[in-house]
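Here is the structure we will look at.
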Amino acid sequence: MPPAQTLIRGGLVLVENDHFEQASLLVRDSVIVDIFQGDGPDDLPVMDASGRIVIPGLVNGHTHSHGALGRGGVAQDATLEQFLAGAPALNGQRTAADMRLSAQISAAEMIRKGCTACFDLTGELPGPTVTGLHAVAEAYHGAGMRAVVAPMIADRTIYQALPGLLAALPDDMRQVLGAIRLPEWEQTLAICEEAFASWPVPVDRVRPGLGPAIPLHCSDPFLRACAALAERLDMPLQTHLAETRMQQVAAQDRYGMTLTAHLGALGLLSPRFSGAHGVWLDDAEAALLAKTGAGIVHNPLSNLRLGSGIAPIRALADAGVRVGVGTDAANTSDSQNMFEALRLAANLSRVRANSAQSWVAAQEAFCMATEGSARLMGFDRIGRIAPGWAADLLFLDRTYCHYVPLRDVLSQIVFSENAAALREVMIAGDLVFAGGKVLTLDEAALQQAAQDAAQRLDAANLETRLLTDAAGLLVRSFCHARCAAHPLPIH
Ligand SMILES: [Zn+2]
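Anchor point for the sequence shown: position 301 equals 288 in the working numbering, and the numbering is continuous, going up by one each time.
Okay, here's the thing in structure tokens:
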């Protein structure tokens, strides 16, 4: 066990997410309690950080641990809706042990790439189980990561969610796909409540949340009940909001209003609410999100991979919406690299902007990817190096090529870093990555287990995959035609 009190000495430290100082950090009981310029006192156990750049851990505002075992299983031309149609083949037949394994390999990747906390919308088919949710919570606890573990839940299949989709399918497919049912939402929420009430790990690091998957995939009474439960249990709630153009087109068809207006009318929007993606949001939706204290998690890589678009992050931030950054799952981003997400958050803002004044700057992007995401998770004092804030720290090698020569440190981190210079990761004062190894997980054993599980699950889901591959193409064509026929006032 490391000493309860440590002086981290000799690093170039990003203080308050604002400026770098040659400073020493006193860490006690998982928290930064003091910052000394220079070397600090001499009578304390020391961790030598000379040659390191010390920054707060990156916070992944949106991912799916179940996606890690599905890595490599998403067609390279898949749109989001096609991907969703394929979910039964990607995620079906999983046991609680598979959920645990997927969360462990997901956590290992995030730690290796400098992420110390994540908001995990974890999915299980046909619906959540207590053992599955507990397995995921235990996986993060064992890995030493912070996480919000939110069951990703729905009471409509994609065929029930998108108006007109079933009618557009050929007869044989309509019969098979139209017959698929998800569990009743009352039953689903009862299981969630049971899992929360018997939460298996301390909630200081790993706590529960709620994840109604996509508004269109959840009936209105279900969404209202989710909001009420989140409020009663004081937990964060996250959904996929306006990820694709199709979702806004379907919202007009189903609700006669935008997705955000609909959620507002149902009472979902509040400071505990965050929407993942937010690609297709108009100005009125941004204003409504800001007014209610709700947030958006920007997932730039997944939005590019699935061709969903580029979220209007500048406009959202200017409207007063709280913004975080996420990677989305390892199977829709092909990586859970928060440094990549951070860089894209800054660079993609340039594609949409009319002038350089409205680009997302390096420091702004960095704050979104640290304390910004943490706030949306309901974590207090996470994502910044300051007295009283969590000792979640990354140690970068300042002799690595990204920093040679070293001039504008934060800019060089945001625009160059990809975790290649990452040497140590600390979470709550404990080292979880050092010497090229994740210290809290047996990565070699996980690698073997993941390969075995993938083989077994692919075989078990083979028949389903034949069906969903064909269905996915039909769903994609339907969405394409429906969007082409339905202009939206946003682009
Ligand atoms: Zn997602």
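Ideal Cβ positions, reconstructed from N, Cα and C, are used throughout, including at glycine.
Treat the numbers as computed from the prediction; the structure is a model and nothing was measured.
Around the Cβ of residue i, are there at least 16 other Cβ atoms within 10 angstroms (buried) or fewer (exposed)?
i, result
"Thr357", "buried"
"His479", "Here the chain has residues from -12 to 478 only, and residue 479 is not among them."
"Gly254", "exposed"
"Ala408", "buried"
"Arg337", "exposed"
"Glu230", "buried"
"Gly196", "buried"
"Lys278", "exposed"
"Arg168", "exposed"
"Ser289", "buried"
"Glu125", "buried"
"Arg394", "exposed"
"Arg39", "buried"
"Ala62", "exposed"
"Asp35", "exposed"
"Ala406", "buried"
"Cys388", "exposed"
"Gln174", "exposed"
"Arg443", "exposed"
"Gly422", "exposed"
"Pro75", "buried"
"Glu68", "buried"
"Val266", "buried"
In this structure, does DSSP put residue i in helix, strand or coil?
i, result
"Ile145", "helix"
"Val236", "helix"
"Cys470", "helix"
"Asp508", "Coverage of the chain is limited to positions -12 through 478, which leaves residue 508 absent and any answer about it impossible."
"Thr314", "coil"
"Met97", "helix"
"Ala332", "helix"
"Val401", "helix"
"Leu197", "strand"
"Asp207", "helix"
"Pro75", "helix"
"Ser289", "helix"
"Gln69", "helix"
"Val391", "coil"
"Glu3", "coil"
"Pro113", "coil"
"Ala277", "helix"
"Ile300", "helix"
"Ala340", "coil"
"Asp85", "helix"
"Gly57", "helix"
What are the partner residues of residue i, as DSSP defines its beta bridges?
i, result
"Gly(-2)", "Ala10"
"Gln24", "Ala10"
"Leu228", "His264"
"Phe382", "Val41, Glu411"
"Asp221", "Bridge partners of Asp221: none, in fact."
"His51", "According to DSSP, which records beta bridges pairwise, His51 is partnered with nothing at all."
"Gln91", "Paired residue(s): none; Gln91 is not in a bridge."
"Met244", "DSSP lists no partner for Met244."
"Val33", "Leu(-6)"
"Cys213", "In the DSSP output, where bridge partners are listed per residue, Cys213 has none listed."
"Asp107", "Thr50, Val136"
"His249", "DSSP, once it has assigned bridges, lists no residue as partnering His249."
"Gly282", "Ser261, Arg309"
"Val18", "Arg15, Ala377"
"Cys102", "Leu45"
Any heavy atom of ligand 1 closer than 7 angstroms to the CB of residue i?
i, result
"Asp315", "yes"
"Ala263", "yes"
"His53", "no"
"Leu108", "yes"
"His204", "no"
"His285", "no"
"His467", "no"
"His49", "yes"
"His227", "yes"
Would you please verify whether the beta carbon of residue i is less than 8 angstroms from any beta carbon of chain C?
i, result
"Ser261", "Absence of chain C from the displayed structure is noted, only one protein chain being present."
Every unbroken alpha helix (DSSP H) inside the region 345 to 378 [4 residues or more]
349 to 354, 360 to 363
Ordered list of beta strand (DSSP E) runs contained in the region 416 to 468, each at least 3 residues
417 to 421
Secondary structure, alpha helix (DSSP H): runs of 4+ residues fully inside the region 122 to 180
145 to 148, 152 to 155, 158 to 165
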